[in-house]
């Protein structure tokens, strides 16, 4: 059952809200929350949502005190045209789970099929008994297509059934003024609406007020029996009224084909939508379901992780990996939002989460999708160059802390724009991509330019003090201290960035006309590149002799300690319960910061420093960010804290399924899901991708009988099975390669095994 | 002429705007900008304003991202009912300086009379020639009274003249979204208006939307000739229409008595206004003018400073001192706004400017007014206690960075709430007050409690690290580095605060029942007070051996230097042209910070450290704050840089009169005005008030023939005259006292002189 997620709740508002997120049906372009087609009764909260990745509105940001360079506007992902709604009338009685009698109710997400199904057995107040099956899918092959198949079986009656199925442009975004993690302001974002019926297709279009983006939903209904079809047209909405007769034991099936188009991707959203719809309606639901199955078969071939001995965990891992696939943008306009396509939390913005927590999964299992993610970053490079200028830098690019279209959206700079490390995070992903793929073409066309521009920024922001290269006034990953000097994470990641920019320049500078063009257009000179070299060779990395650890920043270790055990449980997360200044005053961390740096760049410090740092920071980390557990699990595994590694890992693996943070209703936590993957592959598996070789250092949690994962490395698909006393490594695709296991190099031809003592 | 400020400009919009501020008529309760009674023509900008000190509206603060403890609302001073407006018609022709011919125009502020007069000789388009004299005063004796005397002389005609004089409640505040130093949002703040005529008095009342405060203006017109009086009543405004005949060479005089009341000070603003008005109209304008003269005579007796050899400077000094008197709040509800009563800049908020830059002037010349300022701070102590709790402190009080009613109004905490030093600044003022007055009663009833609660906060925020008491994550006076660790200024001022809280506790703890009650209600124990002692005795004061200076904070000296000469002139002030993060990254100061600490607490460091620090910081200070020049002048004088001392002083002395910062239109710079006084008395005069004695160390700028100032010390009025080769010290009032001059102690009986080599 680890391939299914099931739930039988239909009356508990809190669970329903959470399940709206959990049972989202998405393909990286369209995302539809798991709202009931028929809606809920009055008194139920719902966040009814359909989203198109990177389809946004621009809104002004208001400040109590606006200083120079504060962004004037932000983008936010939009709730778009609702095509979920289908009301069913049985002999005139409205179908609702809150009326009559529910004899059975199951909602199932099938992660091999790529669909969500609701199966309902219901008796109406007047005694009409029906079995209803509602299936949904967002096609991975045709990204514009969202399908609903609605089947009704009359159990104990003959009579009339009627569907009122609508496509509705009159929708708003969810707002909550009191929670900084959701959107504020009013939810209304559209100024133009067009709703019509053309050739028996419903077509609704909406245009936003500020960004002037247009979205269209074109919809066709197909009933497997003859029926009467009428349309009720409103200004912003069209409802199809479909009536037919049903006999006892007969099944009536309505298929609703919804094609979404928008003018970021489609030159003529309405015409393109119509044309595409006309093509897709020649096939039935089963065809698309089969396509999903084939697509997912290929996906799981490299992405699957198996754990023997813990079914719940196995399910959690399948779920997380599946959601990453559902969330990932598949074109250059889009990326992975903090909440995927499952909700409006964090306003649909893209953060560093992508590169550091999620990208490795795609890189190791679906490198083509990983490449698309980097191409997105390249597509917003001009915006980042402009932002760097706004921020007063003479050259270079500064990636926005949070964005959709490339413009900075962060209104609170100490925990936003100040996180310059995003530049190095993106560079790190580019470098990792290169190490794994050796894709020189990519580097010439995209990667090198990113490395150069980010390196430039480090050269501009830093300076030499006593012959060491220092970086002041930035915020590291840990937002519980902001705007600090020489944040270890930032400095060491900048060093890596500068070093690889230098290397790539040396490697590629004479490689192609395109590279020459880029170098010339950037006015990049040998002298400038040598400054990068000087900077990374002399990068200051704070180290405290007395403690034997890397301090998080220059003054971190002189602050007071705040005993975490002394803080009341209801005061977490701290940022929602204490003024930031109070928090800044303590040695207390929201999440892994130095510890994360030790994971990403383990060769920069000796083992002892890494181990001591792990223990030091573990004591003062609240894990108030869902990004934290995964990293601590990995590093616990590294320093031999196997129980800890397991405990941290388990907190991350089912975070959304079990709603550990209580906010899954606003959407799933995609970065945490990536963290789960990292926890197994980098943590327990001990995988590291270095410049010369991939290495493994597998450890097995004692609760698991065995586990296995796969990864793609330089064209090979490698499977690793970790058993009680044996490691098996299989080369599933590609040519033989050298691989390091427990510090020893083996040549993997088709299979090798290592027996442990 | 140094007692007058005159201007002949009536057509240059920019100058008029500036002059609206310069020629404000205020008494610390009422403030009326120097707008023309008749208004300007279309196309002219104006900030037409009348203010009541501490009469405010509350407005929500909106944030792009609101974190815990960010203030929900702010107060802003309100433009209140306009009683300035008087339109004059001569034989039906409207008097305006933009029509007809202006034969003469002079506007004069007389600082001995306490009034502003416009003298106009005007020929109408049809050739009617008139001489007009308009005098205004805001009574220092009857704070509610604002008077206008409007005299018209017919030069070349007989005919009818008509006044349309209104009292208008329909006014809004000035807003400018693009400048953080002015108010934003819409300007509308009233929800209720009442305009009526009672017993031939006009009475207009307005009530604010959120703060629910009520202001009333009650107005009576008196003409020196028989006239026809009619009223035109509107919903929010009443206009008196006064017609009479005039003969060639005759003078007609209209006196407009305006009494302002508000329900912060007056239980029944309307009734109280009426009663008060009835009293004041029994006297003519000349009576009140004479009262002003007497009041000012007394004021100047202790406040005057004379400079021989520079008339412009002498005028600047008179102006600054006079404006301080006009600005200072004279009841417990009010203080001194950053722009005095002359404009809406900084929203009428009270800052630390009062205690550090302005308070010394009142303390040394008008100690009763100084005491009122401290009583205001005591009156908002409960609010400060609450704010401390909000900020997560277990005990103590945290004064708001900017406020009117005691609640924090600062929306940008790094340069607002983080400036915890405001606590020590207020404590410093209390301590200075005590040193000068030995007013034990005041300390028992007000001062000690302030010292105790502020000391508590330091004990709470700081902690011991390697046996030194440290204070993290605060912002010092220099807003070009924010949220730093161990800011020298903050630490040394906190030390002073803790030390005197300890001393006062020891001195007063058994002195009176009232003291006992306070100590008990505070649950203050010997143990807690001993913690204060331990904290101040071990206060960490950063010192850099290599440079021999006190670093501004823990990491300041490791930052890069930004050559000030390399910055384009149009990029100042930096904060309006660069993102704060960029600025934070440099060793660059907006204003005196460590240098200010060395002035306030000179005994904490040796002379050499002070001197080196002065030179170090001078190189990296932009003086983007008007608070800076005065302090640099004082310290330049101390370290023997006499030319520098003079140059800095001159930049501050006529800052508003010459509109050096180009923003006098938003109001005068009261703190800078206080700084001018400090520059002479503390800078050139070298006055210091220590616990045991007052000391002088006079230096004379070579451009001055001689200068003289006075100060009140422990009940004595002392006059100091500094001549070319001779210092004369006169005891003008009080008993003999010891005084230190050039490090030598003298006993001053009635007069002493010191001849210099």
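Protein chains in written order, with my numbering: chain H, 1 to 757; chain U, 758 to 1514. Ideal Cβ positions, reconstructed from N, Cα and C, are used throughout, including at glycine.
Taken through DSSP and simplified to helix, strand or coil, residue 406 of chain H comes out as coil. Looking at the DSSP output, residue 893 of chain U bridges to U:873, U:905. With respect to chain U, the C-beta atom of residue 494 of chain H has no partner C-beta closer than 8 angstroms. In this structure, DSSP gives residue 188 of chain H a state outside helix and strand, which the three-state scheme calls coil. In this structure, the straight-line span from the alpha carbon of residue 363 of chain H to that of residue 626 of chain H is close to 21 angstroms.
Between residue 373 of chain H and residue 430 of chain H, the C-beta gap is not smaller than 8 angstroms, which leaves the two residues out of contact. Between residue 265 of chain H and residue 169 of chain H, the gap from beta carbon to beta carbon reaches 8 angstroms or more. If the five residues before and after residue 463 of chain H are omitted, its C-beta is found closer than 7 angstroms to the C-beta atoms of 470, all from its own chain and listed in chain order. Proximity of residue 1276 of chain U to chain H, defined by a Cβ-Cβ separation below 8 angstroms, is not satisfied.
A residue is called buried once 16 or more other Cβ atoms fall within 10 Å of its Cβ, and residue 85 of chain H is buried on that count.
For residue 1094 of chain U, the secondary structure class from DSSP, reduced to helix, strand or coil, is coil.
In its chain, beyond the 5 residues on either side, 328, 362 have a beta carbon closer than 6 angstroms to the beta carbon of residue 369 of chain H. The C-beta distance from residue 44 of chain H to residue 34 of chain H rounds to 14 angstroms, too long to fall under 8 angstroms, and the pair is not in contact. For a Cβ distance threshold of 9 angstroms, residue set 463, 465, 470, 472, 473, 485 of chain H lies close to residue 1316 of chain U, ordered along the chain. Counting along the chain, the unbroken beta strand (DSSP E) around residue 990 of chain U starts and ends at 985-990.
Annotation: the continuous alpha helix (DSSP H) that includes residue 1392 of chain U extends over 1385-1395. Non-local beta-carbon contacts of residue 880 of chain U in its own chain, meaning distances under 7 angstroms to residues more than five positions away in sequence, involve 857, 858, 860, 886 in chain order.
If you compare the alpha carbons of H:281, H:422, H:269 with that of residue 254 of chain H, the shortest gap goes to H:281. At a C-beta separation below 9 angstroms, residue 65 of chain H has these neighbours in chain U: 818, 937, 941, 1167, 1168, 1169, 1172, 1173. Judged by DSSP secondary structure, residue 491 of chain H falls within the alpha helix (DSSP H) whose first and last residues are 488-508. At least one CB of chain H lies nearer than 8 angstroms to the CB of residue 1312 of chain U.
Residue 372 of chain H: not part of any beta strand (DSSP E); member of the alpha helix (DSSP H) spanning 367-379, first to last residue. Excluding the 5 residues flanking it on each side, residue 1153 of chain U has same chain C-beta neighbours closer than 6 angstroms at 1145, 1210, 1213, 1214, 1217, in chain order. Residue 1345 of chain U places its beta carbon 8 angstroms or farther from that of residue 1306 of chain U.
By the C-beta density criterion, residue 1325 of chain U is exposed, having fewer than 16 other C-beta atoms within 10 angstroms. Between residue 577 of chain H and chain U, the shortest Cβ-Cβ separation is below 8 angstroms.
The C-beta of residue 1148 of chain U comes closer than 8 angstroms to at least one C-beta of chain H.
Comparing C-alpha distances from residue 1250 of chain U to each of U:1320, U:1409, U:793, U:1189 shows the shortest one belongs to U:1189. The alpha-carbon separation between residue 1387 of chain U and residue 1406 of chain U amounts to approximately 6 angstroms.
Proximity of residue 582 of chain H to chain U, defined by a Cβ-Cβ separation below 8 angstroms, is satisfied. Along the segment 824-843 of chain U, the positions whose C-beta sits under 9 angstroms from a C-beta of chain H are 824, 825, 826, 827, 828, 831, read in chain order. Residue range 670-678 is occupied by the alpha helix (DSSP H) that includes residue 675 of chain H.
For residue 80 of chain H, the closest of H:57, H:92, H:98, H:90 by C-alpha to C-alpha distance is H:57. In this structure, the beta-carbon distance from residue 316 of chain H to residue 716 of chain H does not fall below 8 angstroms.
At a cut-off of 8 angstroms between C-beta atoms, residue 385 of chain H does not count as an interface residue with respect to chain U. Rounded to whole angstroms, the separation of the alpha carbons of residue 673 of chain H and residue 312 of chain H is 15 angstroms.
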